[in-house]
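See structure below.
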């Protein structure tokens, strides 16, 4: 819904809201932070709820809909429904579809570019992923491409080891391994920094043993609570940097680019060696401190 506008380009309230989901935030003239920008309106769009889809009997509070899988299953790579998953597959060797330009594999073009990207020219890239939000900013898009290429790398290795495997087997086994990599990054490398290893052990998010564990419980509801998905998880938005670094091979800073210049415009990624420069930037640039403040680049 990034295309829905409840305020005009100058931050003024629209006399007639263009969409029923508009719920713009009014900014008082004496606001200590935003008033200096001379804006009276902040764009805010409500999420779709189960009342709009007929899934709510009408006597229960509305619940926001989530279109991606609740599971930590790398659905941002593979999609959250069968139809999308099928369109992302090459159908040969268990690989995902790619388009080669300048000898490098890139994600396929989005079927409806105007729905997911703010292109300034038709030639600008706009990609198809398992999650439509993946073109939102260049750093997110770089991560998407890395996981796509990693899946195809795994599938290729598996095809050499198991030449008798068909496309479906190679796809599912490569997918299984990539999901494991994704979960390992989250549970063993990222969450311990945020929550603390002791807390994760205390609440059963980590196990003390090394290697394999058989702790899957089929009676556990994996659903993500809406209060978390739509509000609490935005806690990390304050860690967003207003500029992202492009880093050279010798780890020198080549340039810094404003985030707001490339929202829903991944065009910078395929220029020269920017994909490599952006990837290095992700591994070297520090995040902002998690606090009550966030960069004006996301306003």
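In the working numbering, the protein residues as written are 8 to 306. Idealized CB from N, CA, C, for every residue including glycine.
Is residue i near residue j, with beta carbons less than 9 Å apart?
| i | j | result |
| --- | --- | --- |
| residue 306 | residue 73 | no |
| residue 30 | residue 13 | yes |
| residue 154 | residue 84 | yes |
| residue 301 | residue 244 | yes |
| residue 184 | residue 161 | yes |
| residue 152 | residue 270 | no |
| residue 158 | residue 181 | yes |
Does the beta-carbon of residue i have 16 or more other beta-carbons within 10 angstroms, so that it is buried, or is it exposed?
| i | result |
| --- | --- |
| residue 166 | buried |
| residue 5 | There is simply no residue 5 to check, as the chain begins at 8 and stops at 306 in what is shown. |
| residue 216 | exposed |
| residue 103 | buried |
| residue 148 | buried |
| residue 164 | exposed |
| residue 294 | exposed |
| residue 232 | exposed |
| residue 139 | buried |
| residue 254 | buried |
| residue 82 | buried |
When DSSP labels each residue in this structure, what does residue i get in the three-state scheme?
| i | result |
| --- | --- |
| residue 111 | strand |
| residue 116 | strand |
| residue 123 | helix |
| residue 33 | strand |
| residue 20 | strand |
| residue 297 | coil |
| residue 56 | strand |
Margin query: At 4 residues or longer, what runs of the alpha helix (DSSP H) sit wholly inside the region 190-264?
Written below: 198-202, 204-209 and 233-237
Item checked: Sequence ranges, alpha helix (DSSP H) only - wholly within the region 67-109, length at least 4 -> 82-85 and 89-95
Note to self: Quick check for students: name the residue ranges of the alpha helix (DSSP H) that lie wholly in the region 130-197, counting only runs of 4 or more.
What the structure shows: 145-168 and 174-191
Margin query: Under 8 Å, with one C-beta from each stretch per pair, do the region 266-277 and the region 138-147 reach the 3-pair mark?
Written below: yes
Margin query: Count Cβ pairs between the region 284-296 and the region 223-237 that sit closer than 8 Å; are there 3 or more?
Written below: no
Check: Okay, do the region 115-122 and the region 174-184 touch, 3+ Cβ pairs below 8 Å being the bar?
Finding: no
Checklist line | Contact between the region 257-268 and the region 234-241 (3+ Cβ pairs under 8 Å) | finding: no
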